[in-house]
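Undergrad:
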Amino acid sequence: MVSNGKEHSVSQGATKAQPVTLSSVIHDRPLDFLYVVFFLIHVPATLLLDMQSIYPKWLIPEDSPFRILNELYVNMTHDPVIGGVTGLFGKEALESTFWVSCFMHLELLIQLPTFLYGAHHLYHNTDLHILYPLLTIYGASTATTTLPCLVLVLKTHSAESVVGSKVALDIATALTDGQRWLLLASYIPFLLIPLGMAVDMAFRTSAFIKKGLKATKAD
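Heads up, the sequence shown is in the working numbering, so the first residue is 4 and it goes up one at a time.
1) Would you check if the distance between the CB atom of residue 211 and the CB atom of residue 132 is smaller than 9 Å?
2) Check whether the segment 133-147 touches the segment 76-85, taking contact to mean three or more Cβ pairs, one atom from each stretch, closer than 8 Å.
3) For residue 4, which of helix, strand or coil comes out of DSSP?
4) Tell me whether the beta-carbon of residue 85 lies closer than 9 Å to the beta-carbon of residue 52.
5) May I have the straight-line CA-CA distance separating residue 187 from residue 66, to the nearest angstrom?
6) Going by Cα to Cα distance, which pick from 33, 34, 152 and 50 is closest to residue 102?
7) Name the DSSP bridge partner or partners of residue 161?
8) Can you say whether residue 177 is buried or exposed, counting buried as having 16 or more other CB atoms within 10 angstroms of its CB?
9) Starting from residue 73, follow the alpha helix (DSSP H) in both directions and report where the run begins and ends.
10) Assuming the contact rule is C-beta atoms closer than 8 Å, residue 104 and residue 57 should be a hit. Round their C-beta distance to whole Å, please.
11) Do you know offhand how far residue 136's Cα is from residue 108's?
12) What does the alpha-carbon distance come out to for the pair residue 204 and residue 49?
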């Protein structure tokens with residue numbers, strides 16, 4: 004009987020020690036899976052495209068593949084945000100989008116580390132007491148900084164309305180209908196997903212707090 008008890012105990016311990024596969028964990032949490040994919044997509048976009056306006060010139064010279072990629076993107080989309088802040092649309096456009104540079108520094112110093120930390124801990128479902136409040140702040144901050152970029156896309160002149168009397172800046176940044184729709188399709192997810200994340204994580208944080216308060220009262 005003692006032997007059976009020991010075997011049963013060892014068997015239980017072995018069962019508990021068996022790790023749950025990460026894939027099954029993340030598949031059981033579709034929203035977390037969406038957030039992880041969002042973060043992983045955002046990392047190269049941040050490093051290769053968004054940050055070019057604040058990188059030192061020696062890091063990305065004129066013939067750099069990254070700068071060429073940026074120019075190809077701006078030529079294709081006429082993105083008034085990236086084209087303006089990187090100086091591709093001239094000095095006047097650069098000066099009028101100085102506020103974007105502030106957002107870029109915020110993205111590099113705060114958002115980029117959050118992408119990496121958030122993707123790791125969401126995937127592994129760890130450090131939730133830190134992760135949920137952090138992602139609440141991240142989501143609210145990102146939605147707030149994306150909104151004025153989206154408004155700039157909406158307010159930029161239509162190429163069909165730009166005539167010879169318009170200033171050169173308007174001609175350089177004017178958008179065709181196709182370009183505007185392409186940019187909206189690019190920017191709107193970066194507004195809605197962080198906004199939804201902020202609301203979701205706020206509810207999760209609230210649930211943690213309520214659970215903690217109940218445990219405190221029970222003691």
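We treat Cβ as the ideally placed atom computed from N, Cα and C, and that holds for glycine.
TA: Reading off the structure:
1) To locate residue 211, count along the sequence shown from 1; it is residue 208. To locate residue 132, count along the sequence shown from 1; it is residue 129. Against a cut-off of 9 Å, the Cβ pair of residue 132 and residue 211 comes out as a contact.
2) In this structure the segment 133-147 does not lie against the segment 76-85, because fewer than three pairs of beta carbons, one per stretch, are closer than 8 Å.
3) Residue numbering aside, residue 4 sits at position 1 when the sequence shown is read from its first letter. Its pLDDT being 47, under 50, residue 4 is placed unreliably by the model, and nothing is read from it.
4) Counted from its first residue, the sequence shown places residue 85 at position 82. Counted from its first residue, the sequence shown places residue 52 at position 49. Yes.
5) As a position in the sequence shown, residue 187 is number 184, starting the count at 1. As a position in the sequence shown, residue 66 is number 63, starting the count at 1. Answer to the nearest angstrom: the Cα atoms are 29 Å apart.
6) For this step, residue 102 is matched to residue 99 along the sequence shown. Answer by Cα proximity: 152.
7) Locating residue 161 in the sequence shown gives position 158, where the first residue counts as 1. BP columns for residue 161 point to 178.
8) Mapped onto the sequence shown, residue 177 falls at position 174. Buried: at least 16 other Cβ atoms inside 10 Å.
9) Here residue 73 refers to the residue found at position 70 when the sequence shown is read from its first residue. Its alpha helix (DSSP H) spans residues 68-80.
10) By 1-based counting over the sequence shown, the position of residue 104 is 101. By 1-based counting over the sequence shown, the position of residue 57 is 54. Contact between residue 104 and residue 57 is confirmed by a C-beta separation of about 6 Å, below the 8 Å threshold.
11) Within the sequence shown, the letter at position 133 stands for residue 136. Within the sequence shown, the letter at position 105 stands for residue 108. So the two alpha carbons sit approximately 22 Å from each other.
12) The residue given as residue 204 occupies position 201 in the sequence shown. The residue given as residue 49 occupies position 46 in the sequence shown. Residue 204 and residue 49 have their alpha carbons spaced roughly 23 Å apart.
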